[in-house]
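Using our numbering, the letters of the sequence shown map in sequence onto residues 435 to 797. Positions of the beta carbon are idealized from the N, C-alpha and C atoms, including for glycine. Here the structure is a predicted model, which means the values were calculated and not measured. Okay, so here's the structure we're looking at.
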Amino acid sequence: MTASSQLQIQQVEQIARENFDDVLDLLNINTSDIIYSHDNIRMPCPIHKGDNPTAFVMDTETFSWHCFSNKCHEKYTRTMIGFIQGVLGYNFRDSVNWVVNNFGSDIKNSDFDSEKLIVKNLIRQIKRNDEHHDQRCSIPLDTITQSFKVSDFFKDLGFQTEVLKKFYVFDCYNKNKPMYLRACAPIISNDYKNMHGITGRTLLPKCELCNKYHVGKFGCPNDNPSIKSYPKWKHYGFSSKTVLYNFWNVYSIKPKTVVIVEGPKDVWWLDQHGVYNALGLFGLNISVYNIKQLLKLGVENIVLCTDNDERGSEAEYDLSKKLYKFFNIYKLSSIIDPGKDIADMPDDFIANEIHPVIKNIGG
435 MTASSQLQIQ
445 QVEQIARENF
455 DDVLDLLNIN
465 TSDIIYSHDN
475 IRMPCPIHKG
485 DNPTAFVMDT
495 ETFSWHCFSN
505 KCHEKYTRTM
515 IGFIQGVLGY
525 NFRDSVNWVV
535 NNFGSDIKNS
545 DFDSEKLIVK
555 NLIRQIKRND
565 EHHDQRCSIP
575 LDTITQSFKV
585 SDFFKDLGFQ
595 TEVLKKFYVF
605 DCYNKNKPMY
615 LRACAPIISN
625 DYKNMHGITG
635 RTLLPKCELC
645 NKYHVGKFGC
655 PNDNPSIKSY
665 PKWKHYGFSS
675 KTVLYNFWNV
685 YSIKPKTVVI
695 VEGPKDVWWL
705 DQHGVYNALG
715 LFGLNISVYN
725 IKQLLKLGVE
735 NIVLCTDNDE
745 RGSEAEYDLS
755 KKLYKFFNIY
765 KLSSIIDPGK
775 DIADMPDDFI
785 ANEIHPVIKN
795 IGG
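Put into structure tokens, the structure is as follows:
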């Protein structure tokens, strides 16, 4: 396949994604069977005509799909073209021609703009009321607040007790809990009644030999398979694709400007220094669902404050590309000391560098 023909296939795929709802209609798929969630749709598989109501799942950002009951995804490519091919029983070329015949004028005017797809996808999702399809767990918040004790781990790192109390940050030493040996913080509902999950930072020190977090002083996981290593951060009970950490507090103040940082620790540090509109990412990515949340909240300006390292710079670039069509974007990552994050910066940095920017922007 030549480079030009490959580009044409990509254009056809993009147009099929942009016209997703029309594709479903033309394929005679009963949309009343579709269950819309925050980042996917589920329905009976229209390829093998199964009756399991949730056997077919498609990610509404990537449009990658999976058939859990008949494994139709193993026969066809997990793209929109592959989906069309499976439903119609066509070969690949005829499936491409089907898209061209139905949406040909769109393809002629297409310049293969992935950002355009993000916009259309977001608009489509905004029109849907999918809040009740959120499948995160829901546990009464007082389950932890009744026996709450502030995290000594983060107190020793310089975080004030009042800030840790505000976010219910605690250390878990219960061996029967999934967050054992972690400093934990709940993901809280906007009405402050429930928690939708927990995020936790390991209490184990980083090994100087292997740069991993593990128990034991005799050997490392690389040399001894019986020694288990633990990730620095762990999430339990929620999907990181749907959560902006601290959204519940920001929701209550409804600011025009928010500061986006790399995680909970940065949020706490900013809160400790009077910046109450910070939101933490999980995984350095922001989903269409998150953008929808911010638009519905009335946010107009976003201050990006990722770490000043290669990973942070890449995240800043990717986030800007996704967000600039919806919000005014301000970038502060370059003023952070190289290799550090917001929580590593001294008190006067927040006062002299962050506060003036937010004040000048307004909101």
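Neighbourhood of residue 493 by C-beta, 7 Å cutoff - its chain only, sequence neighbours within 5 removed: Residue mapping note: residue 493 aligns to position 59 of the sequence shown, counting from 1. Around residue 493, the same chain offers 473 and 474 as residues with beta carbons nearer than 7 Å, after the five sequence neighbours per side are excluded.
Proximal residues to residue 438 (C-beta, below 7 Å), its chain only, five neighbours per side dropped: To locate residue 438, count along the sequence shown from 1; it is residue 4. For residue 438, the predicted model reports a pLDDT of 40, less than 50, meaning its position is unreliable; a value from the coordinates is still stated below. Nothing meets the Cβ criterion.
Beta-carbon proximity list for residue 705, same chain, < 6 Å, skipping 5 on both sides: Taking the first residue of the sequence shown as position 1, residue 705 is located at position 271. Correct list, in chain order: 597.
Chain-order list of residues whose beta-carbon lies under 8 Å from that of residue 446 (same chain, five-residue window excluded): Start at 1 with the first residue of the sequence shown, and residue 446 comes out as number 12. The answer, listed in chain order, is 515, 530, 533, 534 and 541.
Burial state of residue 687 (16 or more Cβ within 10 Å): In the sequence shown, residue 687 corresponds to position 253, counting from 1. Answer is exposed; the Cβ neighbour count stays below 16.
Beta-carbon proximity of residue 503 to residue 486, cut-off 8 Å: Position 69 of the sequence shown, counted from the first residue, corresponds to residue 503. Position 52 of the sequence shown, counted from the first residue, corresponds to residue 486. A contact, by the Cβ cut-off of 8 Å.
Start-end ranges of the beta strand (DSSP E) lying completely within the region 710 to 797, minimum 3 residues: 712 to 714, 735 to 738 and 762 to 765
Sheet register partners of residue 490 (DSSP bridge): Along the sequence shown, read from residue 1 onward, the residue named residue 490 stands at position 56. Among the bridge pairs identified by DSSP, residue 490 is matched with 477 and 501.
Segments assigned beta strand (DSSP E), at least 3 residues, entirely inside the region 567 to 654: Here the runs fully enclosed are 604 to 606, 616 to 622 and 628 to 636.
Span separating the alpha-carbon of residue 546 from that of residue 763: Reading the sequence shown from its first residue, position 112 is the one you call residue 546. Reading the sequence shown from its first residue, position 329 is the one you call residue 763. With a pLDDT of 47 at residue 546, under the threshold of 50, the modelled position of this residue cannot be trusted; read the value that follows with caution. If you take the alpha carbons of residue 546 and residue 763, they lie about 24 Å apart.
Straight-line Cα distance separating residue 795 from residue 781: By 1-based counting over the sequence shown, the position of residue 781 is 347. By 1-based counting over the sequence shown, the position of residue 795 is 361. Approximately 21 Å, taken between the alpha carbons.
C-beta contact flag for residue 696 and residue 741 at 8 Å: Here residue 696 is taken as the residue at index 262 of the sequence shown, counted from 1. Here residue 741 is taken as the residue at index 307 of the sequence shown, counted from 1. Yes, the Cβ-Cβ distance between residue 696 and residue 741 is below 8 Å.
Under 8 Å between C-beta atoms of residue 659 and residue 648: As a position in the sequence shown, residue 659 is number 225, starting the count at 1. As a position in the sequence shown, residue 648 is number 214, starting the count at 1. The answer is no: Cβ separation not under 8 Å.
Identified DSSP bridge partners for residue 668: By one-based count along the sequence shown, residue 668 stands at place 234. In the DSSP output, where bridge partners are listed per residue, residue 668 has 634.
CB of residue 595 within 8 Å of CB of residue 584, strictly: Within the sequence shown, the letter at position 161 stands for residue 595. Within the sequence shown, the letter at position 150 stands for residue 584. Their beta carbons are under 8 Å apart, which means residue 595 touches residue 584 by this criterion.
Contacts around residue 637, its chain only, beta-carbon distance under 8 Å, and the 5 residues preceding and following it disregarded: To locate residue 637, count along the sequence shown from 1; it is residue 203. The residues are 587, 605, 615, 616 and 617.
Nearest-angstrom Cα separation, counted from residue 777 out to residue 784: Residue 784 sits at position 350 when you count from the first residue of the sequence shown. Residue 777 sits at position 343 when you count from the first residue of the sequence shown. If you take the alpha carbons of residue 784 and residue 777, they lie about 10 Å apart.
Assigned secondary structure, residue 694 (DSSP; H/G/I helix, E/B strand, else coil): The count along the sequence shown starts at 1 and reaches residue 694 at position 260. Strand at residue 694.
Distance between residue 490 and residue 453 (C-alpha atoms, nearest Å): Stepping through the sequence shown from its first residue, residue 453 is reached at position 19. Stepping through the sequence shown from its first residue, residue 490 is reached at position 56. Answer to the nearest angstrom: the Cα atoms are 19 Å apart.
Assigned exposure category for residue 571 - 16 Cβ within 10 Å defines buried: Residue 571 sits at position 137 when you count from the first residue of the sequence shown. By the 10 Å Cβ count, residue 571 comes out exposed.
CA-to-CA distance, residue 455 to residue 468, given in whole angstroms: The sequence position of residue 468 within the sequence shown is 34, counting from 1. The sequence position of residue 455 within the sequence shown is 21, counting from 1. Their Cα atoms are separated by approximately 12 Å.
Span of the alpha helix (DSSP H) around residue 521: Your numbering for residue 521 matches position 87 in the sequence shown. Where residue 521 is concerned, the enclosing alpha helix (DSSP H) stretches over 514 to 522.
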